[in-house]
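Take a look at the structure below.
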Amino acid sequence: TLKALGYRRSTIMRKYLIYCGLATVIGCIVGTLVGFQLFPTVINNAYQSLYVLPPLIIQFKWEYALISCSLEIACTLLATWAACRHSLREKPAMLMVPRAPKAGKRILLERIKPLWSRLSFTHKATCRNVFRYKKHLFMTVLGIAGCTALIVAAFGLNDSMKTIAQTQFEDVLQYDLKINLNDYELDAPLETFLQDKNYTLLYSESATIESDEQSYSVTLYVPQDASSLGQFVHLRDRKEKRDLAFGESSVILTEKLAETLDLRVGEAFTVESSDGTQAQFTLSGITENYAGSYLYLNVEEYEQAFGEADYNTLFVQSGITETAEQDAAVTEILQSEVADGAEFTSQTKQSYDNLLSSIGFVILVLILSAGGLAVIVLYNLTNININERAKELATLRVLGYHHREVAGYIFREIGILSVLGTLVGLLFGKLLHHYVILTAESVDMMFGRSISPWSFLWAFLITIAFSVVVDLLMLIRLRRIQMVESMKAVD
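According to our numbering, the stretch in the sequence shown is residues 495 to 985, in order.
The structure is reproduced here in structure tokens:
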């Protein structure tokens with residue numbers, strides 16, 4: 495109509511660009527306020543359960559806001575420009591007539607005769623319609639895949655945090671108590687405490703590892719009895735799923751530190767002790783580890799490089815689980831003159847459990863954001879689909895189809911596209927989770943890399959639930975289609 499009234503193409507296009515641009519700018523303003531206020535607060539609260547942090551000071555970063563808003567505005571305006579450019583090529587008379595539905599085509603499923611012949615008429619029509627509107631197919635699958643990917647990443651983050659709390663302190667560390675000593679000659683009070691317990695003696699110190707101009711701090715452990723270390727620390731290769739034996743020539747490094755230094759088995763690296771002495775060692779194994787960075791070194795090579803090891807640490811399997819009993823045990827240990835300190839691993843595990851409970855709100859925010867994406871995408875596409883096919887749907891009603899049958903005709907297509915998008919999203923979610931985990935990790939903290947099958951199932955079910963919500967909302971829209979008005983000839 496605007497074109498027929500004499501408006502220039504540029505004027506018409508500007509109208510729609512301004513409309514979409516203003517809507518996007520308003521969305522960007524709301525998004526930046528939420529992004530700079532809500533998410534930092536949630537993440538800070540999660541970390542406060544693990545660390546003592548100073549008060550949170552939230553700063554508005556203009557460079558981040560400009561980058562994100564510019565990208566969103568550019569994407570919206572580009573899509574609007576492309577749509578307007580395509581429509582404005584046509585003549586006004588053609589634009590003022592409702593667009594004819596796309597012609598149906600044979601699909602691959604029709605070539606599978608045994609299956610196709612068993613489908614009902616409505617099911618055959620649904621299959622043809624799914625592939626007839628390829629833009630709807632692509633946009634729905636992509637939007638739903640993004641929703642599912644975010645949910646998978648959120649649940650995967652929860653699984654990765656659980657790995658730290660459970661795997662590290664229940665599977666990797668087989669001891670439950672560490673005692674720091676100032677003399678490896680045990681006195682009577684300490685011997686009394688250890689009388690019925692399994693323990694091993696080690697030397698530990700803070701050292702520095704260097705490789706290709708990179709250096710990182712590491713806790714160095716030298717067991718007095720090499721064969722006993724495996725009873726207290728489960729040394730295993732996570733990728734190959736095999737145990738690592740610790741022998742007289744073993745030099746084993748934790749996985750995240752080896753990955754950061756780009757070290758592989760058989761390669762050499764330099765260790766600098768706390769007194770500044772440097773020595774070179776050859777890596778013999780890389781062990782699974784999630785909290786902290788450790789180097790397990792055999793006593794022979796250590797003493798050749800740095801001198802005699804003064805054993806100053808005890809790993810103990812005490813079997814004490816109750817908090818009150820642990821406090822009493824620490825009090826008893828500290829009565830010994832050779833004990834400088836004692837710590838139960840369950841206390842450290844509790845800190846990670848607290849972080850895991852706090853991260854739950856972050857996961858909820860991600861799921862709600864993903865749900866909003868799914869609802870918006872499905873609602874808009876379904877609304878467009880119904881508007882474009884109003885005459886077709888009205889014809890079905892005139893032919894005797896009930897409301898339930900017409901709704902099934904449309905929603906069956908949405909259901910198929912939602913399932914396809916969800917399956918694609920499960921794959922993308924795995925990739926997104928892997929990227930988030932690698933980005934969030936530090937040298938001293940490695941997250942779990944696997945996602946529980948239950949997380950994939952929940953992501954699938956939640957996405958489908960959002961799809962059902964949209965179906966219920968659009969059911970009202972379907973019932974409002976006026977049969978007579980929809981079937982009128984525009985000419």
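Every residue, glycine too, gets a C-beta built ideally from N, C-alpha and C. All figures in this text were calculated on a predicted structure; none of them were measured in a lab.
How about Leu-911 and Thr-518: are their beta carbons less than 8 Å apart?
no
Assuming Ile-552 and Phe-530 make a contact with CB atoms under 8 Å, what is their CB distance in whole Å?
6 Å
Length of the line joining the Cα atoms of Leu-872 and Ser-961:
7 Å
Cβ contact (3+ pairs, closer than 8 Å) linking the stretch 826-836 and the stretch 671-680
yes
Which residues bound the alpha helix (DSSP H) around Asn-623?
615-626
Environment of Pro-947 [buried if 16+ CB atoms lie within 10 Å]
exposed
Please classify Phe-632 as buried or exposed, where buried requires at least 16 neighbouring CB atoms within 10 angstroms.
exposed
What ranges does the alpha helix (DSSP H) occupy inside the stretch 864-922, keeping only unbroken runs of at least 4 residues that lie completely in it?
884-892
Going by Cα to Cα distance, which pick from Leu-688, Cys-514, Leu-550, Leu-921 is closest to Glu-826?
Leu-688
Let's test the definition: count the other Cβ atoms within 10 Å of the Cβ of Leu-609 and tell me whether it reaches 16, buried, or not, exposed.
exposed
Starting from Tyr-796, trace the alpha helix (DSSP H) both ways and give me its first and last residue.
793-800
So the alpha helix (DSSP H) Gly-786 belongs to, where does it begin and stop?
Taken as a continuous stretch (DSSP letters only), Gly-786 belongs to no alpha helix (DSSP H), as it is neither H nor E.
Paired residues, beta bridge with Met-939 - DSSP
Ala-785, Ser-936
Based on the DSSP secondary-structure assignment, which residues constitute the bridge partners of Leu-671?
Val-810, Phe-838
What is the DSSP secondary structure of Glu-766, counted as helix, strand or coil?
strand
Would you kindly report the start and end of the unbroken alpha helix (DSSP H) that includes Thr-570?
556-582
When DSSP labels each residue in this structure, what does Arg-600 get in the three-state scheme?
coil
Nearest candidate by alpha-carbon position, reference Glu-753, set Ser-564, Met-939, Asp-804
Met-939
Beta carbon of Leu-744 nearer than 8 Å to that of Ala-720
Correcting the residue type first, residue 744 is Ser in the shown sequence and not Leu. Taking 8 Å as the Cβ cut-off, Ser-744 and Ala-720 qualify as a contacting pair.
Can the beta-carbon of Val-759 be found less than 8 Å from the beta-carbon of Ile-703?
no
According to DSSP, is Glu-742 helix, strand or coil?
coil
Name the two residues that bound the continuous alpha helix (DSSP H) containing Ala-720.
Taken as a continuous stretch (DSSP letters only), Ala-720 belongs to no alpha helix (DSSP H), as it is neither H nor E.
Could you tell me the boundaries of the alpha helix (DSSP H) in which Phe-960 lies?
947-973
Keeping to the same chain, check which residues put their C-beta closer than 8 Å to that of Gln-903; ignore five residues upstream and five downstream.
Checking the sequence shown, residue 903 turns out to be Tyr, not Gln. Cβ within range, chain order: Thr-616, Ala-619, Thr-620, Leu-887, Leu-890, Tyr-895.
Nearest to Lys-628 by CA position, among Gln-668, Asn-879, Phe-954, is which residue?
Asn-879
Tell me whether Ala-833 sits in a helix, a strand or coil according to DSSP, three-state version.
strand
Where the alpha helix (DSSP H) through Ile-827 begins and ends
817-827
The stretch 642-652 contacting the stretch 795-810, beta-carbon criterion three pairs below 8 Å
no
Residue from Leu-651, Leu-589, Ala-568 whose Cα sits closest to the Cα of Val-930:
Leu-651
Applying the 10 Å Cβ sphere with the 16-neighbour rule, what's the burial state of Ser-936?
exposed
With H, G and I counted as helix, E and B as strand and the rest as coil, what does DSSP make of Val-727?
strand
Sequence-distant residues of the same chain with beta carbon closer than 6 Å to Val-824, five excluded per side:
Ala-836
Is the stretch 724-732 close to the stretch 648-667, with three or more CB pairs under 8 Å?
yes
For His-897 and Arg-973, I'd like the C-alpha separation in whole angstroms.
7 Å
Determine the burial state of Asp-965: buried for a count of at least 16 other Cβ atoms within 10 Å of its Cβ, exposed for fewer.
buried
Whole-number beta carbon distance between Leu-695 and Gln-718, since they are thought to touch under 8 Å
4 Å
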